[in-house]
Amino acid sequence: MDEMPVHLPTPNFDVMIQHLQGFTDEFGHCRNLPSVDTGAAVLDAINGINAQLEQLNQNQRQLSAQVDDVSRDLGNKIERLGQRLGYSDLNSMIRLENSSATRSNAEITPLVNVETGEDITPFPATVGDVDAASAADINRILSELGLPTNGTARAKKRRLNRAIGLTLQKR
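Here is the structure:
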């Protein structure tokens with residue numbers, strides 16, 4: 590075996606520890622260097638920007654959902670308006686047909702509810718039945734036609750006659 594010469598220096602562990610401790614202390618001072626400190630500041634700024642972008646994305650998603658809701662509501666309202674216009678057109682045709690009824694025993698065609706399109710029931714069958722209708726029936730029919738129910742009994746009956754298409758001549 591090779592023998593080690595006795596005169597070679599051996600490591601001094603205490604000196605090594607001191608040097609490592611000094612190196613560690615000096616390495617810790619690196620954070621005081623502008624380039625290292627700026628890097629941390631840049632990282633903090635990037636993290637802040639990312640947080641703001643996430644908040645903007647969340648706000649955009651909320652706004653998009655609100656726009657979708659408004660769009661859906663508007664579409665539903667437009668559809669209902671189209672239906673109401675169709676029912677009103679139908680009532681106009683019925684009103685024209687009913688305008689020829691002048692005698693109290695003349696039959697009339699029932700109008701339709703402007704919301705549902707269903708025939709208003711019960712509905713007076715003749716001109717005389719309209720003249721004899723109760724205040725409650727007049728209010729109900731006016732409501733189903735989407736017409737106001739305010740005013741005197743005479744004003745409401747006149748409104749109903751016009752809505753049905755009846756003229757106000759002596760019957």
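Sequential numbering of the sequence shown, starting at 590, is according to the numbering used here. For glycine and all other residues, C-beta sits at the position ideal for the given N, C-alpha and C.
Q) Comparing alpha-carbon positions, which option in Ser681, Tyr676, Val716 and Leu679 lies nearest asparagine 694? A) Val716
Q: Consult DSSP for glutamine 607 and reduce its assignment to one of helix, strand or coil.
A: helix
Q: Measuring alpha carbon to alpha carbon, tell me which of Glu704, Glu696 and Glu707 ends up nearest proline 713.
A: Answer by Cα proximity: Glu696.
Q. Taking the C-alpha atoms as reference points, what is the distance between lysine 759 and asparagine 750?
A. Any answer about lysine 759 is weak, because its pLDDT of 49 lies below 50 and its placement is not dependable; what the coordinates show is given next. Cα to Cα, the separation comes out at about 13 Å.
Q: Sort out for me which residues DSSP pairs valine 701 with in a bridge.
A: Asp708
Q.
Let's test the definition: count the other Cβ atoms within 10 Å of the Cβ of glycine 754 and tell me whether it reaches 16, buried, or not, exposed.
A. buried
Q) Are the C-beta atoms of alanine 724 and some chain B residue less than 9 Å apart? A) No chain B appears in this structure, which consists of one protein chain only.
Q: Helix, strand or coil for threonine 756, going by three-state DSSP, please let me know.
A: coil
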